[in-house]
Amino acid sequence: MQEYFEIAVKNNPAILSDYKAYEAALQKLPQVSALADPNFSIGYFISPVETRVGPQLAKFSLSQMFPWFGTLKANENAAALEAESYFQNFLDSRNKLYWKVAQSYYDILENHKLQKLEKENIDILHEYKALAERKLSNSKASMVDVLRVDIMIDEAETELLLLEDKYPSLLTAFQNILNSETEPELNSIPIIAGFESKISLDTAFQNHPLVQAIDYKKESSKERIESIRKQSLPKIGVGLDYVIVGERNDVTSSDNGKDVLMPMVSVSLPIFRKKYKAQIKEAELIQEQYQLKKENLLNDLSTENASTLYEINKQLEYISLFGRQIEKVNNRLSILEKTYTASGVEFEELLRSRQQLLKYQKLETIAKAKQATLIEKYNYLTSKRQL
Numbered sequence: 001m002q003e004y005f006e007i008a009v010k011n012n013p014a015i016l017s018d019y020k021a022y023e024a025a026l027q028k029l030p031q032v033s034a035l036a037d038p039n040f041s042i043g044y045f046i047s048p049v050e051t052r053v054g055p056q057l058a059k060f061s062l063s064q065m066f067p068w069f070g071t072l073k074a075n076e077n078a079a080a081l082e083a084e085s086y087f088q089n090f091l092d093s094r095n096k097l098y099w100k101v102a103q104s105y106y107d108i109l110e111n112h113k114l115q116k117l118e119k120e121n122i123d124i125l126h127e128y129k130a131l132a133e134r135k136l137s138n139s140k141a142s143m144v145d146v147l148r149v150d151i152m153i154d155e156a157e158t159e160l161l162l163l164e165d166k167y168p169s170l171l172t173a174f175q176n177i178l179n180s181e182t183e184p185e186l187n188s189i190p191i192i193a194g195f196e197s198k199i200s201l202d203t204a205f206q207n208h209p210l211v212q213a214i215d216y217k218k219e220s221s222k223e224r225i226e227s228i229r230k231q232s233l234p235k236i237g238v239g240l241d242y243v244i245v246g247e248r249n250d251v252t253s254s255d256n257g258k259d260v261l262m263p264m265v266s267v268s269l270p271i272f273r274k275k276y277k278a279q280i281k282e283a284e285l286i287q288e289q290y291q292l293k294k295e296n297l298l299n300d301l302s303t304e305n306a307s308t309l310y311e312i313n314k315q316l317e318y319i320s321l322f323g324r325q326i327e328k329v330n331n332r333l334s335i336l337e338k339t340y341t342a343s344g345v346e347f348e349e350l351l352r353s354r355q356q357l358l359k360y361q362k363l364e365t366i367a368k369a370k371q372a373t374l375i376e377k378y379n380y381l382t383s384k385r386q387l
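Just so you know, we're using the UniProt record's numbering here: the sequence shown kicks off at 1 and counts up by one.
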C-alpha cells in the first residue's frame, strides 16, 4: 500500500495542483513586502524661466514613498499565513489521497476474492453434477437433481462473468488515482481485530489540516488588520530635484549658470478615514466567519468520526459472525455430502447449503474490504496518517 501511495503523491494531478497553489501563494510574499516603485520625471522648459543666476533649461526629479514603519512586515506576515493555509489544504488532499488509494485498492482485492470464490463454487457444483449423474445412472437420484445443479452452475457462471467484466473499470479507477499504469498486487484483504480509538479526538481534530488551514486564514486576517492600521498612518516620501541652469551673458557672478540641487521630503495626509475603518471591519467579520467555519468543521469531523467508528466495529462484528456461520455451514455440508454419497437423498438441501456457504463467504469478503477502507477513512479524519 505504501508503494502505491508514494506513486499517487508523485503523480496525482489533484495533489500536484494543490501544491502549485501553495507555491503560487508563496510568490505573494515578495510582492506585498516590496516598496512602491520610485518615480523619476524629466521636464524641459520650452520657455526658459529666467532666474538671477541664469535661465532654467531642464528639470530632473526622483522620489520614493515609504509606508509607515512595520507596514511591509505586516503585509508579509499576512501573505505568509495565507500561503500556509494553502499548504495545509495540500496536506489534507495528500492525507485524503491515502484513503482514496486504499478504497480503490480494496475494491480490486474484493473483486479478485469474489471471483476466486465463484470459481471454486463452480468447480464444486460441477463435482456435484458429476455425482448426481452417477447417482442417476444407478437409479439412486432423479433427473431433477441434475437440472437443479445445472441451473446453479449457469447462475454462478453469470456472476463470475459480471465480476470479470467489472474488474477493468476498478483497475482503471485505481490507475487513474495513481496516474500510473501500475498493476496492483493481489494480496489478501487485511483484518484488524479489536480495533480501538486510543487517541485524543479533540487534539486530533484540532491538528486536522483543514482545521489548521482555517486557523492560518484567521491569523492572516488578524495580520491584515495590523497592516490596514499601518496603512492608515502617514506615508513619508523623499526626493531630489536637479535643475539645469544656463549662463547669463550679462552676469559675472560665480554662481552664474550654477545648476540647482534640491532635496525634498513629503508626507501623505490620510484624513479620509472611512475606507480604513471599513477595511478593518471587513477583516474582523472575516475572522468571525472563519471561527464559525472552524466550529462547523469540528462538528462535522466529530460526527463523521463517530459514524466511521461505528461502521468499523459493525464490520468487525459481521466478520466474526460470518466466520462462525461459515464454520457451521461447512460442518453441515460435510454431513450432507456423506449422506448424499451414501444414499442419494438430501441433494436439494446440499445445494442450498452450498449456496448459503458461498453467500457467507462473499459477505465476509465484502465486510473485510469495508473495514479496511473505513480504517483508512478514520486515519484521515483523525490525522493519524501524516506521511
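Note that the Cβ used here is the ideal one computed from N, Cα and C, for glycine as well.
Between the options, which lies nearest to residue i when the distance is taken from Cα to Cα?
i, options, result
"I192", "K20, S320, K328 and Q31", "S320"
"residue 388", "F205, V267 and S180", "With the chain running from 1 to 387 in the structure shown, residue 388 is simply not present."
"N305", "I228, V267 and N379", "N379"
"G54", "I280, S254 and A79", "S254"
"Y86", "P270, L381, K277 and I214", "I214"
"S63", "K73, A36 and A79", "A36"
"Q279", "K222, E295 and T203", "K222"
"L351", "L336, S232, T365 and Q361", "L336"
"R94", "Y318, K217, W68 and I177", "I177"
"Y19", "N39, S200, Q88 and N256", "Q88"
"L269", "P67, S180, K59 and L26", "P67"
"N39", "A8, Q231, L297 and S61", "S61"
"P263", "L147, K217, T203 and G237", "G237"
"F5", "A14, L29, K28 and V101", "V101"
"Q356", "R332, A130 and S142", "R332"
In angstroms, rounded to a whole number, what distance separates the CA positions of residue i and residue j?
i, j, result
"Y105", "L301", "24 Å"
"N77", "L261", "39 Å"
"K116", "S169", "18 Å"
"E346", "G323", "25 Å"
"I375", "L210", "19 Å"
"Y242", "D250", "24 Å"
"L363", "N330", "15 Å"
"K235", "R273", "15 Å"
"L292", "S383", "21 Å"
"Q371", "L358", "20 Å"
"E118", "E157", "8 Å"
"L387", "L91", "With a pLDDT of only 45 at L387, under 50, the local geometry of the prediction cannot be trusted, and no value is derived from it."
"T373", "Y318", "15 Å"
"E282", "Q289", "10 Å"
"E295", "L381", "15 Å"
"L233", "E226", "11 Å"
"H126", "R354", "12 Å"
"L297", "S200", "17 Å"
"N121", "T172", "28 Å"
Can you tell me whether DSSP reads residue i as helix, strand or coil?
i, result
"I42", "strand"
"M262", "strand"
"P190", "coil"
"S47", "strand"
"L387", "Residue confidence for L387 is low, a pLDDT of 45 falling below 50, so the modelled location carries little weight; the figure read from the coordinates is stated next. Here L387 sits in coil by DSSP."
"S221", "helix"
Give the range of the beta strand (DSSP E) segment to which residue i is assigned.
i, result
"K59", "G54 to F66"
"V245", "I236 to V245"
Would you call residue i buried or exposed, if buried means 16 or more other Cβ atoms sit within 10 Å of its Cβ?
i, result
"E82", "buried"
"E50", "exposed"
"residue 388", "The structure shown has nothing for residue 388, since the chain only spans 1 to 387."
"P152", "In the sequence as displayed, the identity of residue 152 is Met instead of Pro. Result: buried."
"K96", "buried"
"R224", "buried"
"Y310", "exposed"
"V149", "buried"
"N187", "exposed"
"K113", "buried"
"L316", "buried"
"Y44", "exposed"
"H208", "buried"
"A369", "buried"
"S47", "exposed"
"F69", "exposed"
"N138", "exposed"
Return the first residue and the last residue of the alpha helix (DSSP H) that residue i is part of.
i, result
"T341", "K274 to S343"
"K113", "T71 to S137"
"I153", "M143 to L178"
"D18", "P13 to L26"
"A367", "F347 to L381"
"D202", "L201 to Q206"
Using 7 Å as the limit for Cβ to Cβ distance, is residue i near chain D?
i, result
"E295", "Given the protein chain composition of this structure (a single chain), no chain D is represented."
Indicate, with yes or no, if the ligand HEM has a heavy atom lying under 6 Å from the CB of residue i.
i, result
"I192", "With respect to the ligand HEM, the structure offers nothing, as it holds no ligand at all."
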